[in-house]
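Numbering (my numbering), first residue to last: 17 to 341.
No residue lacks a Cβ here, since even glycine has one placed at the ideal position from N, Cα and C.
Only a predicted model underlies this, so the values are computations on that prediction, with no experimental measurement involved.
Worksheet: the structure to be examined is printed underneath.
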């Protein structure tokens with residue numbers, strides 16, 4: 017153990033200790049499920065099952081990195097114990113994004129019987145201190161929009177809201193007949209659309225947030241380069257272009273995923289996103305290879321009525337927050 021780590025851990029409150037993958041995966045999974053049972057998504061349940069599977073195999077230290085290719089290092093963090101029982105948990109995920117090291121605070125959970133005692137604050141504070149001592153100057157987290165207690169806690173600790181995102185879910189067969197196609201037509205994406213598509217994608221999915229998304233421009237790029245990138249990465253995509261009177265309104269991309277739902281990425285500006293969706297969505301209901309649920313992550317409060325009319329349901333809305341150390 018380095019002198020920095022030794023100094024940090026020697027000053028921990030008596031109830032806090034470092035997260036140990038050999039013994040904490042199972043109790044942490046149980047605590048997370050207890051605290052968030054009503055809001056866990058299918059991917060969240062699979063995440064907990066992966067934790068429990070790793071616990072049964074004596075805690076593979078790389079289990080999280082293997083389960084999520086966006087993550088470069090194993091899971092760490094801190095737990096709060098009372099009489100030998102884990103009643104508080106915080107995980108710290110180390111990420112390398114565009115040459116920058118950053119930490120993501122995740123899985124912050126406190127047993128309902130032990131709340132209002134400052135446990136979440138203490139766990140978050142020690143996570144920030146660890147990040148600071150490791151010379152990691154940027155820490156991120158996500159909090160549900162409908163959790164004002166957590167949002168207030170993080171704001172008081174210096175976190176600043178960076179984005180508000182809603183994840184919409186639908187099964188292809190549930191795309192509503194009620195969507196009345198707008199005047200316009202759908203074409204397959206070509207090279208001439210790429211410059212505008214990539215610019216709109218950058219606006220809707222900024223680079224500083226893409227560490228969280230399996231969205232990489234090289235996989236979406238047209239031509240031989242993009243084809244080779246997708247081939248070697250085993251990435252499958254489709255693109256539909258909405259146009260009206262020769263004007264490009266937006267591009268909707270489907271990307272196959274190993275998660276519960278395949279991804280949809282919408283490249284469109286606010287002025288034409290609703291119309292683009294109304295043109296494209298009735299068309300893709302008939303695409304035979306779309307057999308799974310579809311997930312569209314999009315800036316909150318944009319295109320909501322159109323997505324709801326099409327049969328999409330909001331899965332959750334998350335506030336992305338960060339703090340500079």
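- Pairing residue 335 with residue 212 gives a Cβ-Cβ distance that is not under 8 Å.
- Under the DSSP assignment, residue 156 falls in the beta strand (DSSP E) whose first and last residues are 154–160.
- With 16 or more other CB atoms across the displayed protein chains lying within 10 angstroms of its CB, residue 146 is buried.
- Straight across, the Cα-Cα distance linking residue 263 with residue 199 is about 12 Å.
- In the DSSP assignment, residue 255 is bridged to 269.
- As computed with DSSP, residue 94 is found in a beta bridge with 34, 106.
- The residues 202, 268, 296, in chain order, have a CB closer than 6 Å to that of residue 256 in the same chain once the five nearest residues on each side in sequence are set aside.
- When rounded, the separation of the alpha-carbon atoms in residue 121 and residue 261 is 47 Å.
- Boundaries around residue 290 are those of the alpha helix (DSSP H), 289–300, since no beta strand (DSSP E) includes it.
- With the rule of 3 Cβ pairs closer than 8 Å, the segment 272–281 does not count as touching the segment 241–248.
- When the alpha-carbon of residue 95 is set against those of 53, 110, 47, 58, the nearest one is in 47.
- A direct Cα-to-Cα measurement between residue 135 and residue 104 gives close to 7 Å.
- Residue 304 sits in coil when the DSSP states are folded into three classes, being neither helix nor strand.
- The C-beta separation of residue 258 from residue 310 comes to about 17 Å, leaving the pair out of contact by the 8 Å criterion.
- Between the alpha carbons of residue 41 and residue 35 lies a distance of about 9 Å.
- With respect to the C-alpha of residue 165, the residue from 49, 185, 132, 61 having the closest C-alpha is 132.
- For residue 189, the closest C-alpha among the options 302, 43, 72, 112 is that of 302.
- Rounded to whole angstroms, the gap between the alpha carbons of residue 339 and residue 185 is 30 Å.
- The C-beta separation of residue 182 from residue 333 comes to about 4 Å, placing the pair in contact by the 8 Å criterion.
- Residue 333 carries a strand assignment under DSSP once its states are collapsed to helix, strand and coil.
- Relative to residue 161, the option among 152, 150, 148, 178 whose CA is nearest is 178.
- For residue 206, the closest of 163, 266, 30 by C-alpha to C-alpha distance is 266.
- In the three-state reduction of the DSSP assignment, residue 260 falls in the strand class.
- In the three-state scheme derived from DSSP, where H, G and I count as helix and E and B as strand, residue 55 is classed as coil.
- Between the beta-carbon of residue 270 and that of residue 293 there is about 14 Å, and that puts the pair past the 8 Å contact cut.
- The residues 270, in chain order, have a CB closer than 6 Å to that of residue 254 in the same chain once the five nearest residues on each side in sequence are set aside.
- DSSP places residue 66 in the helix class (H, G or I) of the three-state scheme.
- Ranking 152, 142, 138 by CA distance to the CA of residue 118 puts 152 first.
- Per the coordinates, the alpha-carbon of residue 172 lies some 10 Å from the alpha-carbon of residue 137.
- Using a Cβ distance threshold of 8 Å, residue 53 and residue 67 do not count as a contacting pair.
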